[in-house]
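As they're listed, the protein sequences go chains A and B.
When we follow the numbering used here, the leftmost residue of the first sequence carries the number 1, and every step to the right adds one.
When we follow the numbering used here, the leftmost residue of the second sequence carries the number 386, and every step to the right adds one.
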Amino acid sequence: MRDFISDRAQGIPPSGIRKFFDLALTMQDVISLGVGEPDFSTPWNICESSIYSIEQGKTSYTSNKGLQTLREAISRWLTRHYRLTYDSENEIIITSGVSEALDISIRAIVNPGDEILIAQPSYVSYAPCVTLAGGVPVPVECTEKDRFRLNPKTLQEKITNKTKALMINFPNNPTGGVMRKEDLEAVSDIIVDHDLLLISDEVYSELTYEGQHVAAATVGDLWERTITLNGFSKAYAMTGWRVGYVCAPRALCEAALKIHQYVMLCAPVMGQVAALEALRSAEEDKNNMVNEYRLRRNMFVAGLNRIGLPCHVPEGAFYGFPSVKETGLSDVDFAEQLLKEQRVAVVPGSAFGTGGADHLRCAYAVSRKQLTEALGRMETFMSGL
Amino acid sequence: MDEKDLEILRILEENGRLSPEEIATMTTLSVQDVEGRILALEDARVIRKYTAVINWEKAGNGEVSAIIELKVSPERDFGYDRIAERLSRFNQVKTVRLITGTYDVQLLVTGRNMQEVSRFVSEHVAPMDRIRETATHIIMKPYKENGNILFEQQETERLPYSF
């Protein structure tokens, strides 16, 4: 029999933490700091509105772009919160989570051989999505020295005549790094000078703990060359609902919409109804959750530094990203031994690409009680090294 | 009262047993500052006391609680204050509130059993001057008290790892 698997599928590396996953499932009493999702349940008013709409029989397709009411609400929300202006009719597409938003955005712009710069450490799907679209992912390392912000000099060095776009994600998964206005201004000139496109994944935007989130498209002349991605998963504890969105100038949006309508048709209507309710009535729930994350962050990062795992103060998202360099163990070995010996699950930083090695991604989206317990176990582990 | 005070109050309301050290790490204030602020909040009687949320049903003490609604004729010069304050002095009365609507005052009364509660209402509350009418609602089962859900909730299952 022939080998039916495509070269492209074969070319994608398997998940870097499969073995951890399998191991953790066989163990009891594991505290997982390995998840990329809130520990809160979706606020009940959001759930209730979706249940009600199902009872009303609203279970069919929506327009490809998504519910008009939701697009309008997103458009208003973005203007009010970030002074971002996108026309609800032609410049916003509702997607099945930011994962899909990312995929259709990349496929809308990549030609074979195009180089796509990825600010790393980054979310694990960026590089594979570029590869699947026929492009060449090129990492641009963000270092701890720069507080995991994108350094304009490093960016400049990676640009060639094949470079087409830059992908960034701030607040960042896995580092918690944040780009402030002046940081974005510094890279915006480079982007414009080299006529690049910017894909800015801002799904953690509401989880910003120091000052206000700055949307990349509002900086300098970036709007006309930026695809803004965002969604409801992190801010409203709605990971399972799968609702995200793409915002971009009309021509880019139309190209992405063609792909979206063939591969996804539309995001699930139940999720869209829930997302609309989130914007209408869950502001306070969201603020309470963000506030709780802030407290946990302060507590957790102080704890990591205390037990000998140096960690910069992450200004956004819900991850601590401590260095294990001084322990002499690699991040993979550290994570594996910590899981086996102390039953604490963390993700080795190298899973997130260039710049992630020697670090651990520890999500503090777990209860304070569990965080304290996890820190205690990590301290025991450290003292045994 | 500033934003940091409010933050400390929210933290303590959620868990009154946290130490000043723990609160200091969470709020990035110094321990001394936290202790000073808590003392000031206690002195100003903003923090009234530290207590536990207890599911008495589970503790199996079999107490009975009832909401008693009262129609009260207000007094010249005092309104409802004197009678509400008088009602507040009974140990059996856990909560006293002036409310709008058909009734004027709402009480939460507890006792060892139904007889004890009804005896208390009929002997001590109903005969009081200025109380014109009472309505007693026995609480059958509490589901949520002061923002705390009392029934067992299934823990959401999350994958051990996700990106």
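For glycine and all other residues, C-beta sits at the position ideal for the given N, C-alpha and C.
Computed from a prediction, not measured in an experiment: that's the story for all the values here.
I need the boundaries of the beta strand (DSSP E) containing lysine 335/B, first residue and last residue. Within the shown structure, residues of chain B are numbered from 386 to 548, placing residue 335/B beyond reach of any answer.
Hey, quick one: how far does the alpha helix (DSSP H) through isoleucine 408/B stretch, first residue to last? Residue 408/B sits at position 23 when you count from the first residue of the second sequence. Segment 405-412, the alpha helix (DSSP H) holding isoleucine 408/B.
Within a Cβ cutoff of 8 Å, which residues of the same chain sit near alanine 409/B, ignoring the five residues on either side of it in sequence? Counted from its first residue, the second sequence places residue 409/B at position 24. Excluding sequence neighbours, alanine 409/B sits near Ser415, Val416, Asp418 and Val419.
Taking C-beta pairs closer than 7 Å, name the residues in chain B that isoleucine 17/A reaches, listed in chain order. Against the first sequence, residue 17/A aligns to sequence position 17. What isoleucine 17/A touches in chain B: Tyr546.
By Cβ distance, which residues of its chain are closer than 7 Å to alanine 317/A, with the 5 residues on each side in sequence left out? Your numbering for residue 317/A matches position 317 in the first sequence. Pro171, Asn172, Asn173, Gly176, Tyr204 and Leu207, listed in sequence order.
Every unbroken beta strand (DSSP E) inside the segment 101-164 of chain A [3 residues or more]: Counting whole runs of 3 or more residues, the segment 101-164 of chain A contains the beta strand (DSSP E) stretches 115-120 and 136-141.
Glutamate 144/A CB to nearest chain B CB: under 8 Å? Position 144 of the first sequence, counting from 1, holds the residue named residue 144/A. Under the Cβ criterion of 8 Å, glutamate 144/A is not counted among the residues facing chain B.
Should histidine 522/B go down as buried or exposed, given a rule of 16 or more other Cβ atoms within 10 Å for buried? Counting from one through the second sequence, the residue named residue 522/B turns up at place 137. The C-beta of histidine 522/B has fewer than 16 other C-beta atoms within 10 Å across all chains shown, which makes the residue exposed.
Sorted by chain position, which residues of the same chain lie with C-beta nearer than 6 Å to glycine 308/A's C-beta, five sequence neighbours on each side aside? As a first step, residue 308/A is located in the first sequence; it is residue number 308 there, counting from the start. If the five residues before and after glycine 308/A are omitted, its C-beta is found closer than 6 Å to the C-beta atoms of Met382, all from its own chain and listed in chain order.
If we define contact as Cβ-Cβ less than 8 Å, is methionine 411/B a contact residue for chain A? Along the second sequence, one-based indexing puts residue 411/B at 26. Judged by the 8 Å Cβ criterion, methionine 411/B is in contact with chain A.
Which residues mark the beginning and the end of the beta strand (DSSP E) in which arginine 517/B is found? Residue mapping note: residue 517/B aligns to position 132 of the second sequence, counting from 1. Start and end: 516-523.
Please state the DSSP three-state secondary structure of alanine 444/B. As a first step, residue 444/B must be located in the second sequence, where it is residue number 59. Helix at alanine 444/B.
Are serine 50/A and alanine 274/A touching if we call contact CB-CB under 8 Å? Your numbering for residue 50/A matches position 50 in the first sequence. Your numbering for residue 274/A matches position 274 in the first sequence. Yes, Cβ-Cβ distance for serine 50/A and alanine 274/A is below 8 Å.
Taking 7 Å as the cut-off, is the C-beta of arginine 280/A nearer than that to any heavy atom in the ligand ADP? Ligands are entirely absent from the displayed structure, and the ligand ADP is therefore not among its contents.
With distances taken between CB atoms, is the gap from glutamate 224/A to lysine 164/A smaller than 8 Å? The sequence position of residue 224/A within the first sequence is 224, counting from 1. The sequence position of residue 164/A within the first sequence is 164, counting from 1. No, they are not a contact pair.
In whole angstroms, what is the alpha-carbon distance linking glutamate 157/A and glutamate 141/A? Along the first sequence, read from residue 1 onward, the residue named residue 157/A stands at position 157. Along the first sequence, read from residue 1 onward, the residue named residue 141/A stands at position 141. Distance between glutamate 157/A and glutamate 141/A, taken at the CA atoms: about 11 Å.
Simplified DSSP assignment, three categories, for asparagine 531/B: Here residue 531/B corresponds to residue number 146 of the second sequence, with the count starting at 1. Judged by DSSP in its simplified three-state form, asparagine 531/B adopts coil rather than helix or strand.
Neighbour flag for alanine 357/A against chain B, beta carbons, 8 Å: Sequence index remark: in the first sequence, residue 357/A carries index 357 (1-based). With 8 Å as the cut-off, alanine 357/A does not count as an interface residue toward chain B.
Whole-Å CB distance - isoleucine 468/B paired with methionine 513/B, under 8 Å assumed: Position 83 of the second sequence holds residue 468/B. Position 128 of the second sequence holds residue 513/B. That belief holds up - the Cβ atoms of isoleucine 468/B and methionine 513/B are roughly 7 Å apart, short of 8 Å.
Closest residue to methionine 179/A among Pro314/A, Ile17/A and Val344/A (Cα-Cα distance): For the purposes of this step, residue 179/A is taken as residue 179 along the first sequence, with counting starting at 1. Comparing Cα positions, the closest option is Pro314/A.
List, in order along the chain, the chain A residues whose C-beta lies closer than 7 Å to that of threonine 541/B? On the second sequence, residue 541/B is found 156 positions in, with the first residue counted as 1. Scanning chain A for C-beta atoms nearer than 7 Å to the C-beta of threonine 541/B yields Ser41, reported in chain order.
Chain-ordered residues of the segment 25-54 of chain A with a beta carbon less than 8 Å from chain B: For the segment 25-54 of chain A, the set of positions with a beta-carbon nearer than 8 Å to some beta-carbon of chain B reads Leu25, Val30, Ser32, Gly34, Val35, Gly36, Glu37, Asp39 and Ser41 in chain order.
Does the structure place the segment 424-442 of chain B close enough to the segment 325-336 of chain A that three or more beta carbon pairs sit under 8 Å? Judged by Cβ distances under 8 Å, the segment 325-336 of chain A makes no contact with the segment 424-442 of chain B, as fewer than three pairs qualify.
Is tyrosine 126/A closer than 8 Å to proline 137/A when the C-beta atoms are compared? The sequence position of residue 137/A within the first sequence is 137, counting from 1. The sequence position of residue 126/A within the first sequence is 126, counting from 1. In contact: proline 137/A and tyrosine 126/A (Cβ atoms closer than 8 Å).
Look up glutamine 56/A in the DSSP assignment and say whether it is helix, strand or coil. Along the first sequence, read from residue 1 onward, the residue named residue 56/A stands at position 56. In this structure, DSSP gives glutamine 56/A a state outside helix and strand, which the three-state scheme calls coil.
Nearest-angstrom Cβ-Cβ length linking serine 75/A and tyrosine 86/A, presumed shorter than 8 Å: Against the first sequence, residue 75/A aligns to sequence position 75. Against the first sequence, residue 86/A aligns to sequence position 86. That pair is a contact at about 6 Å.
Less than 8 Å separating the beta-carbons of leucine 91/A and cysteine 253/A? Start at 1 with the first residue of the first sequence, and residue 91/A comes out as number 91. Start at 1 with the first residue of the first sequence, and residue 253/A comes out as number 253. Residue identity differs from the one stated: residue 91/A is glutamate in this sequence, not leucine. Yes, these two residues count as a Cβ contact at 8 Å.
Looking at the strands, I want to know which residues DSSP matches up with valine 494/B. For the purposes of this step, residue 494/B is taken as the residue at position 109 of the second sequence. Residue pairing by DSSP puts valine 494/B in a beta bridge opposite Ala451/B and Val478/B.
State the Cα-Cα distance for the pair arginine 395/B and proline 405/B, rounded to the nearest angstrom. The residue given as residue 395/B occupies position 10 in the second sequence. The residue given as residue 405/B occupies position 20 in the second sequence. The straight-line gap from Cα to Cα measures roughly 14 Å.
For the candidate residues Leu455/B, Leu483/B, Gly464/B and Arg497/B, whose alpha-carbon lies nearest to that of glycine 445/B? Here residue 445/B corresponds to residue number 60 of the second sequence, with the count starting at 1. In terms of Cα proximity to glycine 445/B, the closest of Leu455/B, Leu483/B, Gly464/B and Arg497/B is Arg497/B.
For the segment 291-309 of chain A, list every residue whose C-beta sits within 7 Å of some C-beta in chain B, in sequence order. Flagged, chain order: Leu295, Asn298, Met299 and Ala302.
For the beta strand (DSSP E) containing tyrosine 245/A, list its first residue and its last residue. Translated into the one-based positions of the first sequence, residue 245/A becomes position 245. Start and end: 244-247.
Isoleucine 579/B CB to nearest chain A CB: under 8 Å? With chain B covering only 386 through 548, there is no way to say anything about residue 579/B.
Just list the residues that DSSP pairs proline 348/A with in beta bridges. Residue numbering aside, residue 348/A sits at position 348 when the first sequence is read from its first letter. Answer is Leu360/A, bridged to proline 348/A.
Taking only three categories from DSSP, how would you classify tyrosine 82/A? Reading the first sequence from its first residue, position 82 is the one you call residue 82/A. Residue state, collapsed to three classes: helix.
Listing by chain order, which chain B residues have their CB less than 9 Å from the CB of tyrosine 126/A? Here residue 126/A refers to the residue found at position 126 of the first sequence. Counting only Cβ-Cβ distances below 9 Å, tyrosine 126/A has no contacts in chain B at all, with the closest Cβ about 11 Å away.
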